[in-house]
Amino acid sequence: MASDTPSGLEHSVRGDAETRARCSQGGEPELDILTLGTEAAMARGRWRLKMPDGKELSGMTSIIFRKLPEGWRIVHDHSSTESS
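See the structure below:
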C-alpha cells in the first residue's frame, strides 16, 4: 500500500478481509485499496468461496470506508458473483 494511505486504514481493510476469508474458507481475497482523500477509501477485490459440496464460486467486491471519530468504518459494501 502506498505511503500516503491514511493511518490505520490498511489494518482495518486487511483485518476485515481476513475475517471474511476465514468465514468463506476461500483464502485471502485479492485487494486493491484506493484512497479518496484523508477520510475515505475504497477497497476492490476478487473473492472465492468453496462450498461444502466442493462447488467453487467467485466474484468481485467493493467496499467504501470512511474515517469516523471512532475509526475507519464500512459505509457501503457490494459483492457480486461471476456467471458460470
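Add 415 to the 1-based position in the sequence shown for the working numbering, that's all there is to it. Think of the CB as a built atom: it goes at the ideal place given N, C-alpha and C, for glycine as much as any other residue. None of these values were measured; they are calculated from a predicted model.
Taking its Cβ as the centre, do 16 or more other Cβ atoms sit within 10 Å of Ile489, making it buried, or is it exposed? Exposed, since its Cβ has fewer than 16 Cβ neighbours within 10 Å.
3 or more residues per run - each beta strand (DSSP E) lying fully within the segment 439–493: Segments of the beta strand (DSSP E) lying fully in the segment 439–493: 445–450, 455–465, 471–483.
Please return the same chain residues whose Cβ sits closer than 7 angstroms to the Cβ of Pro500, not counting the five positions on each side in sequence. Nothing about residue 500 can be read from this structure; the chain reaches only from 416 to 499.
Taking all protein chains shown into account, do 16 or more other C-beta atoms lie within 10 angstroms of the C-beta of Gly486, making it buried, or fewer, making it exposed? Exposed, by the Cβ-count rule.
May I ask you to report which of helix, strand or coil DSSP gives Ser498? In the displayed model, Ser498 falls within coil according to three-state DSSP, outside both helix and strand.
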